[in-house]
Amino acid sequence: MSKILIIYSSVHGQTRKIAEHIGKRLIENGNQVVTCCIEQAPLLGEFDKIIIGASIRHGKHNSEVYNFIATHLEALESKSSGFFSVSLVARKNGRNTPGSNPYMQAFLSKTQWRPNLLKVFAGNLDYQGYNWLDRNIIRLIMWITKGPTAVNTKVEYTDWLGVDVFVKELERL
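With the numbering used here as the guide, the letters of the sequence shown map in order to residues 939 to 1111.
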């Protein structure tokens, strides 16, 4: 089996939750897995596969993700790798694949890294878990995109079966 590193950049915790789920499934299948936030990533050389997950905040992936990739591009390109993006936009059909998701397309246009596997997952909507600014920005975006805007809304849009399919695809790399 493989030694796999899963690195994530998460604002409100859903990307971390997805990364940990992926790690748990990979361990259950006999792999050695280290899961950590991007700021605590170990040296990449000791891993067979590297997976990076990043959430969207205010329409962008965290700049730390791009900096990490630029710094470690050679190591990333020498390994089997995957990238997944988490956003509320991905809750909609026609925005939930790497080819149709605007944030994945923006990611690919901003980096030279070309992972072997790309995936898009819908995130979690929890207005009460956001600060005042984020709550109102996200409510405006949801209003524009015809999503729920009630301040007590709490919905997990993540397709966990789709995450498990991603795990199987990772193992085939």
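Every residue gets a Cβ at the ideal spot worked out from N, C-alpha and C, and that includes glycine.
TODO: Could you tell me which of GLY1032, LYS941, HIS950, TYR1004 sits nearest to GLY961, measuring between CA atoms?
DONE: The residue among GLY1032, LYS941, HIS950, TYR1004 with its C-alpha nearest the C-alpha of GLY961 is LYS941.
Task: From ASP1102, GLU1109, LEU1111, residue whose alpha carbon lies closest to that of HIS959 - done: It is ASP1102.
TODO: Please name the residue or residues paired with PHE1022 in a DSSP beta bridge.
DONE: In the DSSP assignment, PHE1022 is bridged to GLY991, LYS1057.
Open item on the list: Rounding to the nearest angstrom, what Cα-Cα distance links GLY1032 and GLU966 in this structure?
Closed with: Rounded to whole angstroms, GLY1032 and GLU966 show a C-alpha spacing of 32 angstroms.
- [ ] Return the residue from the list LYS1106, PHE1006, THR1091 that minimises the CA-CA distance to TRP1098.
- [x] Ranking LYS1106, PHE1006, THR1091 by Cα distance to TRP1098 puts LYS1106 first.
Open item on the list: Quick test of your reading: LEU1046 and LEU1108, contact by CB under 8 angstroms. State the CB separation rounded to the nearest angstrom.
Closed with: About 19 angstroms separates the beta carbon of LEU1046 from that of LEU1108, a gap too long to meet the 8 angstroms contact definition.
TODO: Look at THR912 and ILE944 and say whether their C-beta atoms are less than 7 angstroms apart.
DONE: Not covered by the structure: residue 912. The range shown for the chain is 939 to 1111.
TODO: Evaluate contact between the stretch 1035-1043 and the stretch 1068-1080, counting only Cβ atoms and requiring at least three cross-stretch pairs below 8 angstroms.
DONE: Contact between the stretch 1035-1043 and the stretch 1068-1080 is absent, because fewer than three Cβ pairs lie under 8 angstroms.
Task: CB contact check: ARG1033 to chain B, cutoff 7 angstroms - done: In the displayed structure, chain B is absent; only one protein chain is listed.
Open item on the list: Relative to the C-alpha of PHE1104, which candidate in VAL949, ILE994, GLY1020 has its C-alpha closest?
Closed with: Nearest neighbour of PHE1104 by Cα position, chosen from VAL949, ILE994, GLY1020, turns out to be GLY1020.
Task: GLN952 and ASN1062 closer than 7 angstroms at C-beta - done: In this structure, the beta-carbon distance from GLN952 to ASN1062 falls below 7 angstroms.
Task: Under the three-state DSSP convention, the category ILE1046 falls into - done: Looking at the sequence provided, one finds Leu at residue 1046 rather than Ile. Three-state result, LEU1046: helix.
TODO: Please determine, among LEU964, SER1018, SER1001, the residue with the shortest C-alpha to C-alpha distance to ASP986.
DONE: Nearest C-alpha to ASP986: SER1018.
Task: Cβ shell of HIS996 (< 7 angstroms), same chain only, five flanking positions each side left out - done: ILE1075, listed in sequence order.
Task: THR1083 versus ARG1029: straight-line alpha-carbon distance, rounded - done: Going from the Cα of THR1083 to the Cα of ARG1029 covers about 11 angstroms.
- [ ] Flag ALA1028 as yes when its Cβ comes closer than 6 angstroms to any non-hydrogen atom of the ligand GTP, and as no otherwise.
- [x] In the structure on display, the ligand GTP does not appear, and there are no ligands present to speak of.
TODO: Go to ILE965, then tell me how far its alpha helix (DSSP H) extends in each direction, as first and last residue.
DONE: Per DSSP, ILE965 is one residue of the alpha helix (DSSP H) stretching across 952-966.
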